[in-house]
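Remarks on the structure that follows.
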Amino acid sequence: MAQIELENIARTFSLGNAKVCALSTINVAIEQGEYIAIMGPSGSGKSTLLNLLGLLDQPDAGCYRLEGRDVTTLSSDELAAVRRQRIGFIFQSFHLIPRLTAAENIALPLVLAGVPPAAREKRARNALAKVGLQSRAGHRPDELSGGQRQRIAIARAIIMRPAMLLADEPTGNLDRHTGQDITELLESLNAAGTTLVIVTHDPIMGRRARRRLLMVDGVLTDDKGGTATDPPPGSPGRAAAPHPFAEQR
Amino acid sequence: MTTADVLRFATRAALGYPLRTVLLVLAMSIGVAAVVTLTAVGDGMRRYIAGQFASLGANLVIILPGRTETGGLQPDSFAASTPRDLTIEDAVALSNAPLVQRVTPVSAGNAEAAANGRLREVMVLGATSDFILIRDLSLAQGRFLPVMDWRRGDAVAVLGATIHDELFGNESSIGQTIRIGDRRLRIIGVMEPSGQGLDMNTDELVIVPVATAQAIFNTTSLLRILIETRDRDAIDAVKAGLERIMRERHEGELDVTLVTQDAVLTTLDDILGSLTLAIAGIAAISLIVAGILVMNVMLVAVTQRTAEIGLLKASGARGRDIVRIFLTEAALLSFAGALAGYLFGLTGAWLVRLYWPELPAWPPTWAVAAALSVALGSGLAFGVMPARRAAALDPVFALARR
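Chains as they are written, first to last, in my numbering: chain Y, 1 to 249; chain X, 1001 to 1402.
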């Protein structure tokens, strides 16, 4: 059983009277610990796919099994619980809360989970150490550089020890050198066993991933270097050939 | 999320936008302060006037001639329907009733007074020696009416302060003569100025023995009889006794009206209480306005913090957590406003007391409780909609905002 199984996922948005098909018949299986880059031109549905994976959005059709559980039927409270426990998000614009200190930003998921303050502080300190920013615990986001902010955001994403990290253009707002550092940090977390899914425009960053999903117009056109499920017979729009066990592995 | 964490988060959020928070707290506090101060003034006025009335004598029964009542039509209804006059004899009889401390018959009328070469229209009050005690007045010079038979009309007069000043100026009037109507009276005393009383201005009276007044106006009837009971609790028992005496004296018919200060006081209290309530109601409108302001501010906050809400949702906050966060923030803002307003209101009431020391301007407890609860209630009620809106935000859309 793969950690993530998407079967015939479709997502359509309504723009006025027009229907825009953001995703159609997506079939993907992702194993625990994989390192995946979702790539493709703007508007190809990369972010929509990531939002679906992160349970921020719900598909209009198809089945999404996360760790064997069909999550398309869960209530919004149950979805929130799954996001809280299993999923860490990293955003291009960091999304730190400006009035909170670095440590408080990191501890936010713990606050939402109702972890008592003493335990929160300890875990936030550990997470800060993991991203190398122990000395910045009391700083507010506007006192930190872009790279430091993204490190804080990463520390926040991993504080609940999620099964997967979903990163939407994590280096998009950073210079190349800082972006490199952030990528390496994410990769080290992946090496420790966390599934890492990155949406990126950057071909260099994409090449670093062990598996690349290429999206064009809401369709998965290529799946390089990883495993994928066999599509159900007769399902249209599927392009990616299964590629059992990548050469890079 | 634990309640303590919600509270902490909401507090940080409120403090994160200091100008907005201060302005909103100010708006809310003005409403609460208005209620607290205005009801303090209203209630102070009520107490002030009640106090003035009580100083006239709370254990006072006033008997007026005539009685307004509705009865059945009986054969004798057409006869003897004119009320009998009150007389000095009635007053004498009443003074012997149990638990009665003092009695004074009162008659009054307007007459022309001449003294010291000046002429003036005055109100002449016929009374007895006890009048000064019953009405709690004091003398400036000379003495008051002497104790004597009420039916004897001595030719003496006591002047009100204004009358004395206008007729005699700085000269002494004691021992001088004043002509009232066709009678010449010797001035034996001058009253202390007492200000405007509630029924008549005692400064503009000339007080003479009741029989003298009746002679001047050529009448045997009285305007009223004032009766002071031994203590306030006895008033109902005394009233019953007085009614019985009057019934006996007036051939079994109760054709007088007994008024107690209590009844007047209660009525006045009711009127001024309603007035205070009305003032409070008007001031409370500003609290509703402040509530709408809370809603507006919270709606802006939701728009401003859309990305933050998206992040909270992505981090696993449930809709109900977000409702709690925003509702708590609205409640905190209203609470701070209510508290500040309460303090402002107390200060306002204190200033009123400072400038008008005779006005006991203390905010009534009910008004304070109502102001605080309306402030909190309207803040909470108007906070619900923005909080729901925040909770209903689509996380994908919310996260797309910076």
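Backbone N, C-alpha and C define an ideal beta-carbon position, used for all residues, glycine too.
Item                                                                                                                                 : Value
DSSP state of isoleucine 1288(X) mapped onto helix, strand, coil                                                                     : helix
Any C-beta of chain Y under 7 Å from that of glutamate 1329(X)                                                                       : no
Beta strand (DSSP E) segment containing arginine 1224(X), residue limits                                                             : 1224-1229
Helix, strand or coil at phenylalanine 94(Y) [DSSP, three-state]                                                                     : coil
Helix, strand or coil at threonine 12(Y) according to DSSP, with G and I counted as helix                                            : strand
Own chain, CB closer than 7 Å to alanine 1014(X), minus 5 neighbours either side, in chain order                                     : Thr1021, Glu1329, Leu1332 and Leu1333
Stretch pair the region 1060-1068 of chain X + the region 1248-1266 of chain X: three plus CB contacts closer than 8 Å               : yes
Any C-beta of chain X under 7 Å from that of glycine 114(Y)                                                                          : yes
Rounded C-alpha distance that separates glycine 64(Y) from leucine 49(Y)                                                             : First, the residue type needs correcting, since residue 64(Y) is tyrosine and not glycine in the sequence shown. The straight-line gap from Cα to Cα measures roughly 11 Å.
Residue-level contact to chain Y via CB, valine 1396(X), 7 Å cutoff                                                                  : yes
Arginine 99(Y) beta carbon less than 7 Å from that of arginine 1012(X)                                                               : yes
Through-space distance from threonine 1365(X) to glycine 1319(X), alpha-carbon basis                                                 : 39 Å
Beta-carbon gap between isoleucine 182(Y) and threonine 194(Y) smaller than 7 Å                                                      : no
Beta-carbon contacts of serine 1138(X) that lie in its chain and below 6 Å, excluding the five residues immediately before and after : Glu1192
Close Cβ partners of alanine 1340(X) (< 7 Å) along its chain, the five nearest in sequence each way excluded                         : Val1025 and Ser1029
Inter-residue spacing [alpha-carbon to alpha-carbon] between glutamine 179(Y) and leucine 56(Y)                                      : The residue you asked about is not glutamine; residue 179(Y) is glycine in the sequence shown. C-alpha separation (whole angstroms): 25 Å.
Contact belief for leucine 166(Y) with glycine 40(Y) at Cβ below 8 Å, rounded distance in angstroms                                  : Contact doesn't hold; Cβ gap of about 16 Å is too wide.
DSSP three-state assignment for glutamate 1171(X), whether helix, strand or coil                                                     : coil
Min CB distance threonine 1002(X) to chain Y below 7 Å                                                                               : yes
Three CB pairs or more closer than 8 Å across the region 1199-1214 of chain X and the region 1146-1161 of chain X                    : yes
8 Å CB neighbourhood of isoleucine 106(Y) in its chain, flanking five on each side removed                                           : Ala124, Ala127, Leu128, Ile152, Ala155, Arg156 and Ile159
Validate contact between the region 1031-1042 of chain X and the region 1274-1291 of chain X using beta carbons, cut 8 Å, 3 pairs    : yes
CA-to-CA distance, glycine 1051(X) to threonine 1229(X), given in whole angstroms                                                    : 19 Å
Assigned secondary structure, arginine 123(Y) (DSSP; H/G/I helix, E/B strand, else coil)                                             : helix
Within 8 Å of chain X by C-beta, residues of the region 56-74 of chain Y in sequence order                                           : Leu56 and Asp57
Per-residue burial, serine 145(Y) [other beta carbons within 10 Å of its own, 16 or more giving buried]                              : exposed
Cβ neighbour criterion (16 or more within 10 Å) applied to lysine 19(Y)                                                              : exposed
Isoleucine 90(Y) at chain X interface by Cβ criterion, 7 Å                                                                           : no
Per-residue DSSP class, three states only, for alanine 228(Y)                                                                        : Unreliable placement is indicated for alanine 228(Y), whose pLDDT of 44 sits below 50; the coordinate value is still reported in the next sentence. The answer is coil: DSSP assigns alanine 228(Y) none of H, G, I, E or B.
From Thr12(Y), Gln85(Y) and Asn51(Y), residue whose alpha carbon lies closest to that of aspartate 60(Y)                             : Thr12(Y)
Local Cβ density within 10 Å of lysine 46(Y), reported as buried at 16 or more and exposed below that                                : buried
Helix, strand or coil at proline 1395(X) [DSSP, three-state]                                                                         : helix
Residue interval of the beta strand (DSSP E) (run including alanine 37(Y))                                                           : 35-39
Best match in Arg1084(X), Val1323(X), Thr1212(X) and Leu1226(X) for proximity to phenylalanine 1009(X) [C-alpha to C-alpha]          : Val1323(X)
Cβ-based burial, asparagine 17(Y) [other Cβ within 10 Å; buried from 16]                                                             : exposed
Validate contact between the region 1094-1106 of chain X and the region 1289-1299 of chain X using beta carbons, cut 8 Å, 3 pairs    : no
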